[in-house]
Amino acid sequence: EEQAQQLEAQRDDLARTTAAVQLKARELEQASQYKSDFLANMSHELRTPLNSSLILAKLLADNADENLTEEQVKFAKTIQSSGNDLLNLINDILDLSKIEAGHIEIRPETVSIDRLAKDLERVFQPIAKEKNLSFAIDIAPECPATIDTDVQRLEQVLKNLLSNAFKFTATGKVELTIRRLGNGQIALSVTDTGIGISQEQQQSVFEAFRQADGTISRKYGGTGLGLSISRELARLLGGSIRLESSEGQGSTFTIQIPETYPAAVAPREVPAAV
Ligand code: ADP
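Okay, so the sequence shown: first residue is 375 according to our numbering, each after it adds one.
#1: Give the DSSP-derived three-state secondary structure of isoleucine 511 in the structure shown.
#2: Nearest-angstrom Cα distance between isoleucine 473 and glutamate 606?
#3: Which residues in the same chain have their Cβ closer than 6 angstroms to the Cβ of glutamate 618, if we skip the five residues on either side of it in sequence?
#4: Any idea what DSSP makes of alanine 544, helix, strand or coil?
#5: Less than 6 angstroms separating the Cβ of aspartate 469 from some heavy atom of the ligand ADP?
#6: Tell me whether glutamine 446 is buried or exposed, calling it buried when 16 or more other Cβ atoms sit within 10 Å of its Cβ.
#7: To the nearest angstrom, how far is the alpha carbon of glutamine 630 from that of glutamine 379?
#8: Run the CB neighbour count on threonine 452, radius 10 Å, all protein chains shown included, and call it buried at 16 or more, exposed below.
#9: Taking the alpha-carbon positions, what's the isoleucine 603 to valine 531 distance?
#10: Enumerate in chain order the residues of its own chain whose CB-to-CB distance from leucine 428 is below 8 angstroms, with the five nearest sequence positions on each side excluded.
#11: Express the C-alpha separation of glutamate 621 and alanine 502 in angstroms, rounding to a whole number.
#12: Can you tell me the Cα-Cα spacing of alanine 431 and threonine 545, whole angstroms?
#13: Can you look up leucine 402 in the DSSP assignment and give me helix, strand or coil?
#14: Alpha carbon to alpha carbon, what distance is there between alanine 561 and glycine 613?
#15: Out of curiosity, what's the CA-to-CA distance linking phenylalanine 580 and leucine 442?
#16: Among the residues of its own chain, which have a CB less than 6 angstroms from the CB of leucine 550, if the five just before and after it don't count?
#17: Using only the heavy atoms of the ligand ADP, determine whether one of them is closer than 6 angstroms to the beta carbon of asparagine 465.
#18: Using 10 angstroms around the beta-carbon of serine 417, count the other beta-carbons present and answer buried if the total reaches 16, otherwise exposed.
#19: Around the C-beta of tyrosine 594, are 16 or more other C-beta atoms found within 10 angstroms, so that it is buried, or is it exposed?
#20: Just to confirm the assignment, what range does the alpha helix (DSSP H) spanning valine 497 have?
#21: Does phenylalanine 449 come out as helix, strand or coil in the three-state DSSP assignment?
#22: How about leucine 424 and alanine 450: are their beta carbons less than 7 angstroms apart?
#23: Buried or exposed: valine 648, going by 16 or more other Cβ atoms within 10 Å of its Cβ?
#24: How is the alpha helix (DSSP H) around glutamate 606 delimited, first residue to last?
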């Protein structure tokens, strides 16, 4: 009899605790939604005035009627490039908060792999030339002619990986290889012969605002958001992203996505609170 009562009391306790935890979880979810909405709204409000400042700074930097001194033009160019850095940061924050709030819509369509490669070639060949690096895109013969995915988002990820590859490579080459995997998946790998990423840093570079070490941001610039956005976009496309790298030798980032956009994608991994 006594045991039965004890058991019942324990069961009541458990039920109360469960209800309290559920309430807390709902509150946290709500707070997280407010935060994402706030960031998305703020980013939008910040972009508008910044864009008009950038247009005016460009007018000055171009010095069309040649009224400005050399030094004034230099100042205008600095305003322009700092403004552009700020705009990139705002755009990254906006992207990440849209993803977190679940506001990114994936629009799959039939995408020609050749076309995608040509677009990337056009953007990155001049950058390669400027840095005196070689750049090649290799499409394996077994690849299908087209895949079904959101080409803008896929391009966004590849552009981010390629920009990083060029940014962190001083000599050698950058390569994009596209392969068909056996299981209805396509793997797109960006390989560079750059500075590489140490074993300890390989996990954290995908986290928001993380850069491999403190000196990186001073030396190379950047927001530390590109890879976390890329990882989230890869997931939204039904795929994933992974990294192989050895310090001083170079890195390979591979995004793997299904050839056909899937009906459901994996849920977002919510980082554990610290
Ligand atoms: P950002 O490049 O704006 O700093 P990312 O999220 O794109 O932000 O990258 C995070 C960090 O990962 C970089 O700061 C750099 O330390 C490291 N990283 C990314 N790509 C490479 C690469 N190809 N080679 C070496 N390090 C890299």
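Cβ atoms here follow ideal geometry from the backbone N, Cα and C, with glycine treated the same way.
None of the values given here were measured: they were computed from a predicted structure.
In brief:
#1: Of the three classes helix, strand and coil, the one that applies to isoleucine 511 here is strand, per DSSP.
#2: Isoleucine 473 and glutamate 606: Cα-Cα distance of roughly 7 angstroms.
#3: Closer than 6 angstroms at the Cβ level, and outside the excluded window around glutamate 618, lie Thr626.
#4: The answer is coil: DSSP assigns alanine 544 none of H, G, I, E or B.
#5: Every heavy atom of the ligand ADP is 6 angstroms or more from the Cβ of aspartate 469, so no.
#6: The residue is exposed, with fewer than 16 neighbouring Cβ atoms inside 10 Å.
#7: Straight-line Cα distance between these residues: approximately 56 angstroms.
#8: Exposed, by the Cβ-count rule.
#9: Each residue's Cα considered, the two are about 8 angstroms apart.
#10: The answer, listed in chain order, is Gln454, Gly457, Asn458 and Leu461.
#11: Cα-Cα distance, rounded: 22 angstroms.
#12: Between alanine 431 and threonine 545, the C-alpha separation is close to 34 angstroms.
#13: DSSP places leucine 402 in helix when its eight states are reduced to three.
#14: Cα-Cα distance, rounded: 10 angstroms.
#15: In this structure, the alpha-carbon of phenylalanine 580 lies about 44 angstroms from that of leucine 442.
#16: Excluding residues up to 5 positions away in sequence, Ile511 and Val564 lie with their Cβ nearer than 6 angstroms to the Cβ of leucine 550 in the same chain.
#17: Asparagine 465: no, Cβ never under 6 angstroms from the ligand ADP.
#18: Per the 10 Å Cβ criterion, buried.
#19: Under the 10 Å beta carbon count, tyrosine 594 is surrounded by fewer than 16 other beta carbons and is classified as exposed.
#20: Membership of valine 497 in the alpha helix (DSSP H) is indicated by the continuous run 487-505.
#21: Reduced to three states, the DSSP call for phenylalanine 449 is helix.
#22: If you check the CB distance, leucine 424 and alanine 450 do not come in under 7 angstroms.
#23: With a pLDDT of only 43 at valine 648, under 50, the local geometry of the prediction cannot be trusted, and no value is derived from it.
#24: Start and end: 600-610.
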